[in-house]
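For reference, the structure discussed in these notes is given below.
Chains as they are written, first to last, in our numbering: chain A, 815 to 1121; chain X, 6 to 419.
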C-alpha cells in the first residue's frame, strides 16, 4: 500500500487550530456547531494524514461540516458529488473537445499554423474537483469533499484512493501535476452499500448522531435570523418528539430550519395547535406519516400531552 | 501515560472483544493521543472512537469495551439509544466488573433460549426418489434442458442429499432484468447521442482525414437483486437450502442478502466468503434469533427504512422467501408491502408451503402480501427454484411441461 501523501498538518494549519477546543470555537464562528466528538474527529482529519469518513442520517450536517472546515481554514472547498457511473472525466479532468474543434476551425479560417501541443494546452483542460484540489496553490491545503461516496462504483472508489494516496495526477499531454498542498479529504456516505474494506481501512471515522433538541434550537437560531429562542426550542422539541414516532421520513435539521423559517415568515411567536395544523407541510413530507401524526394530534406534538 | 502503550493495550482489548483492528490503527491512535492529550475521559473516548471505529455497527461494542477498560463514559452512553440502530450488535455481556485483560467475546442477545447456530438438517426421511445421488446430480445440473423434473421437496431430503442439494442450489445462476445505465459505450449505428469525446479521439488517430462520427449507446446494467429470507422456526426445513441460494446469489449476482425472523439482519458480508460452511457459520453467528418467531411487517419496515429507501430497493428485483406466518397484523404487512412495491421493480414471493396440495394463501400475512407480489412461487424443490430463476429474469419458464407441472402464477397488478 502506498503511504499517504500528506504527512500531518502544515505549520499554517497548526497555527490556525492548535487544539480541539480552538477548532470547536472556530467552527462555531463559521456558523457550524460541532459537538466534541465531531470536533475531535475533524481535528484528527486536519492533523493526521488520513482522510475522514463521515456517516450519519440524512440531514445531520455531514456536508455542512466539510464546508465549515473550509471556512475555518479559509481555503476553497472542492466538492465532488458522487453518483452511479461517475468516471475519471467527471472527477479529475477532461479535454474540452468542443473548444478544441473550434480552435482547429479557427486556425483553418485564419490560416494559422496549429501544433498538437497548442490543442492540448491548459486552456483546453477542463479541471474537475479532484484536479482542482490537487492543484490548489496554498498557502493552506484545500478541503476536498467526496460527497456520498457510496453512490459511486467500487472501482471509482479505488481509483480515487490511489490518486489521493499519491496526491499527483498525470495528464499524458501535460505531464505530472504533484500537489504542493495535498488536500484535506472528507468523505460522506449514506450507507446505500457497504464501503470497501480498503476504503474504511484508510480513513478515520465518525458517526454523526442526531443532535439533542437544545442543539437543534441553537442551529435553528443561527440559521433563521427572525427566530426567537423560545420558539426555536419549542420547534426543536416538537421535531425531536416526532422522531420518536415510527415515521417513514423522520424530520431532520433541515425540516427544523424550514419550519422555523415558515413560522418566522408567518410572524408567529408561539407554537399552538392551530399553528401546527397550518404548517404541517414544512415538517412532514409523506402522506402516510401525516396521517399517523394527525392521529396523534397537534396538541401532542407541541405539549407532549396525548391528545 | 505512555501514548503508545495505551494505544496498543486498548487496541488489543478491542481485538479480543471481536472488534478487528490493525497495528496501523494503533499507530494512528498513538499519534492522535499526542495531538490530543487525553486530559479528560471524554476526550480520550472521542479520540479513540474516531481512530478505531470504522462503522456505526461497531459503536455499541466499542462503547462497552471502552467502558470496561476506562470506566463508564458520562454523556455518551445515551448516544446509543438515540442512534436507534435496529441491527446493532448487542452489548458485550455488560462487562463492568470484568477484568480488562479478558473481556468476553461478543455474545449475541439470545431471545428465546435458541442458541445461534445453523439450522440442523432434517434427519431421516430420505426423499421419495430412491435414485442414486450421482444420477440426481447430473439431472439437476441440466436444469434448463432436463427431461424429467426433479420435484423432491427440500424438507424431505436426508442429510447427505441436503448437502448435495446445497451445493447445487449455490450454483444456480440468477440474473436480473436489464435497465439503461448511465455509462455509454460506442455504437456504430447512429443514436440520438453523438459522442464528441470519442469522435475527436478517433479523428486524432486517423489524422482528421474523413472524420467519422461516433455515437454513444447507453450501457445496459443489471438490476439489483435483493433477497430477504425468513429463518423463523416454521421455515426451518428450508432455511439451509435457501441460505445456499442466498450465498450463491451474493457471490454470483452481487445480490444483497438479508434474513429475518424477529429482527432483520444484513448478511451480504457474511455470505461473501468463498467457503460455504464458513459463510453459513458467520451468518449464524450474526443472527441471534435464528429459528425464532416471525415479525414479517416489522422486518419489512426495518428493511425499507434502513436500506430500501436509501437506494437498495429502488428499481430492484426483490425476492422474499417466507411462508407468510407472522405475528404481525395482516394490515401492517400490507402497509409495508405497499411501500416496498413503490420502491421495487418487481417483488417475487417464494413460499414453500404453496407446494402442498390444496394450498390456499390464508395465513394472515401471506394473504395480505400477495396482492403486491408480481410472482408467487413455491421454490420448495430444485425444479421449483428454476421457476424462481425465470421469475427473477422476468421471463416465463421456457418449457410448457414446466408450466403444466407447477404453474408460474403471475399476479401482475393492473
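Every residue gets a Cβ at the ideal spot worked out from N, C-alpha and C, and that includes glycine. This structure is a prediction, so every number in the text was calculated from the model and none was measured.
Where residue i falls, given that 16 or more other Cβ within 10 Å makes a residue buried
{"i": "residue 365/X", "result": "exposed"}
{"i": "residue 815/A", "result": "Confidence at residue 815/A is low in this model, with a pLDDT of 39, below 50, so the placement of that residue should be treated as unreliable; the coordinate-derived value is given next. Per the 10 Å Cβ criterion, exposed."}
{"i": "residue 891/A", "result": "buried"}
{"i": "residue 827/A", "result": "buried"}
{"i": "residue 1109/A", "result": "exposed"}
{"i": "residue 45/X", "result": "exposed"}
{"i": "residue 253/X", "result": "buried"}
{"i": "residue 359/X", "result": "buried"}
{"i": "residue 931/A", "result": "exposed"}
{"i": "residue 1020/A", "result": "buried"}
{"i": "residue 306/X", "result": "buried"}
{"i": "residue 851/A", "result": "buried"}
{"i": "residue 135/X", "result": "Its pLDDT being 36, under 50, residue 135/X is placed unreliably in this model, and the value from its coordinates should be taken loosely. The residue in question, residue 135/X, is exposed, as its Cβ has fewer than 16 Cβ neighbours within 10 Å."}
{"i": "residue 199/X", "result": "exposed"}
{"i": "residue 1084/A", "result": "exposed"}
{"i": "residue 38/X", "result": "buried"}
{"i": "residue 16/X", "result": "buried"}
{"i": "residue 244/X", "result": "buried"}
{"i": "residue 334/X", "result": "exposed"}
Of the listed residues the options, nearest to residue i (C-alpha basis)
{"i": "residue 172/X", "options": "229/X, 250/X, 311/X, 228/X", "result": "250/X"}
{"i": "residue 420/X", "options": "312/X, 269/X, 204/X", "result": "Past the edges of chain X, shown from 6 to 419, lies residue 420/X, and the structure says nothing about it."}
{"i": "residue 1059/A", "options": "1029/A, 1021/A, 1048/A, 1115/A", "result": "1115/A"}
{"i": "residue 1101/A", "options": "873/A, 948/A, 851/A, 1064/A", "result": "1064/A"}
{"i": "residue 1010/A", "options": "399/X, 60/X, 258/X, 319/X", "result": "60/X"}
{"i": "residue 313/X", "options": "353/X, 286/X, 349/X", "result": "349/X"}
{"i": "residue 396/X", "options": "64/X, 223/X, 382/X", "result": "382/X"}
{"i": "residue 1022/A", "options": "875/A, 831/A, 863/A", "result": "875/A"}
{"i": "residue 1006/A", "options": "832/A, 1103/A, 871/A, 978/A", "result": "871/A"}
{"i": "residue 995/A", "options": "958/A, 952/A, 863/A", "result": "952/A"}
{"i": "residue 1122/A", "options": "866/A, 974/A, 914/A", "result": "Outside the displayed span of chain A (815 to 1121) sits residue 1122/A, for which this structure offers no information."}
{"i": "residue 14/X", "options": "189/X, 40/X, 53/X", "result": "53/X"}
{"i": "residue 168/X", "options": "316/X, 344/X, 21/X, 282/X", "result": "282/X"}
{"i": "residue 884/A", "options": "904/A, 856/A, 863/A, 1025/A", "result": "856/A"}
{"i": "residue 240/X", "options": "264/X, 276/X, 16/X", "result": "264/X"}
{"i": "residue 326/X", "options": "336/X, 355/X, 361/X", "result": "355/X"}
{"i": "residue 846/A", "options": "917/A, 1070/A, 1029/A", "result": "1029/A"}
{"i": "residue 315/X", "options": "1092/A, 1036/A, 1004/A", "result": "1004/A"}
{"i": "residue 166/X", "options": "399/X, 393/X, 386/X", "result": "386/X"}
{"i": "residue 886/A", "options": "841/A, 926/A, 927/A, 1070/A", "result": "841/A"}
{"i": "residue 304/X", "options": "377/X, 33/X, 337/X, 389/X", "result": "337/X"}
{"i": "residue 800/A", "options": "1025/A, 993/A, 968/A", "result": "Since the first residue of chain A shown is 815 and the last is 1121, residue 800/A is not available in this structure."}
{"i": "residue 1070/A", "options": "1057/A, 1062/A, 944/A", "result": "1057/A"}
Pair within 8 angstroms by beta-carbon distance, residue i and residue j
{"i": "residue 35/X", "j": "residue 18/X", "result": "no"}
{"i": "residue 859/A", "j": "residue 837/A", "result": "no"}
{"i": "residue 421/X", "j": "residue 159/X", "result": "Outside the displayed span of chain X (6 to 419) sits residue 421/X, for which this structure offers no information."}
{"i": "residue 1033/A", "j": "residue 991/A", "result": "no"}
{"i": "residue 266/X", "j": "residue 311/X", "result": "no"}
{"i": "residue 933/A", "j": "residue 907/A", "result": "no"}
{"i": "residue 56/X", "j": "residue 1018/A", "result": "yes"}
{"i": "residue 1076/A", "j": "residue 1041/A", "result": "no"}
{"i": "residue 332/X", "j": "residue 309/X", "result": "no"}
{"i": "residue 889/A", "j": "residue 955/A", "result": "yes"}
{"i": "residue 339/X", "j": "residue 368/X", "result": "no"}
{"i": "residue 288/X", "j": "residue 275/X", "result": "yes"}
{"i": "residue 40/X", "j": "residue 1016/A", "result": "no"}
{"i": "residue 1093/A", "j": "residue 1073/A", "result": "yes"}
{"i": "residue 905/A", "j": "residue 915/A", "result": "no"}
Cβ distance (whole Å) where residue i is taken to contact residue j below 8 angstroms
{"i": "residue 792/A", "j": "residue 963/A", "result": "It is not possible to answer for residue 792/A, since the shown part of chain A is limited to 815 through 1121."}
{"i": "residue 1031/A", "j": "residue 1046/A", "result": "4 angstroms"}
{"i": "residue 1113/A", "j": "residue 1087/A", "result": "5 angstroms"}
{"i": "residue 379/X", "j": "residue 351/X", "result": "5 angstroms"}
{"i": "residue 1027/A", "j": "residue 1043/A", "result": "About 12 angstroms; that fails the 8 angstroms criterion."}
{"i": "residue 223/X", "j": "residue 181/X", "result": "No, residue 223/X and residue 181/X are not in contact; Cβ-Cβ is about 17 angstroms, not under 8 angstroms."}
{"i": "residue 230/X", "j": "residue 258/X", "result": "5 angstroms"}
{"i": "residue 880/A", "j": "residue 831/A", "result": "Between residue 831/A and residue 880/A the Cβ distance is about 15 angstroms, and since that is not below 8 angstroms, they are no contact."}
message: Runs of 4 residues minimum, wholly inside the stretch 252-332 of chain X: which ones carry the alpha helix (DSSP H) assignment?
response: 273-276, 281-291, 301-308
task: Kindly provide the ranges of any alpha helix (DSSP H) runs that are 4 or more residues long and lie completely inside the stretch 1040-1065 of chain A, ordered along the chain.
output: Residue ranges of uninterrupted alpha helix (DSSP H) with 4 or more members, entirely inside the stretch 1040-1065 of chain A and ordered along the chain, are 1043-1058.
- request: Tell me the start and end of each unbroken alpha helix (DSSP H) in the stretch 333-404 of chain X that is at least 4 residues and wholly inside, in chain order.
  value: 335-348, 369-374, 387-398
- request: Note down, one range per segment and in chain order, each alpha helix (DSSP H) of at least 4 residues found wholly within the stretch 215-242 of chain X.
  value: For the stretch 215-242 of chain X, not a single whole alpha helix (DSSP H) run of length 4 or above is found.
4-residue-minimum alpha helix (DSSP H) runs that sit fully inside the stretch 919-945 of chain A, ordered along the chain: With a minimum length of 4 residues, the continuous alpha helix (DSSP H) runs that stay inside the stretch 919-945 of chain A are 930-933.
- request: Taking only runs that begin and end inside the stretch 844-930 of chain A, name each unbroken alpha helix (DSSP H) of 4 or more residues, in chain order.
  value: With a minimum length of 4 residues, the continuous alpha helix (DSSP H) runs that stay inside the stretch 844-930 of chain A are 850-861, 876-887, 902-905, 911-924.
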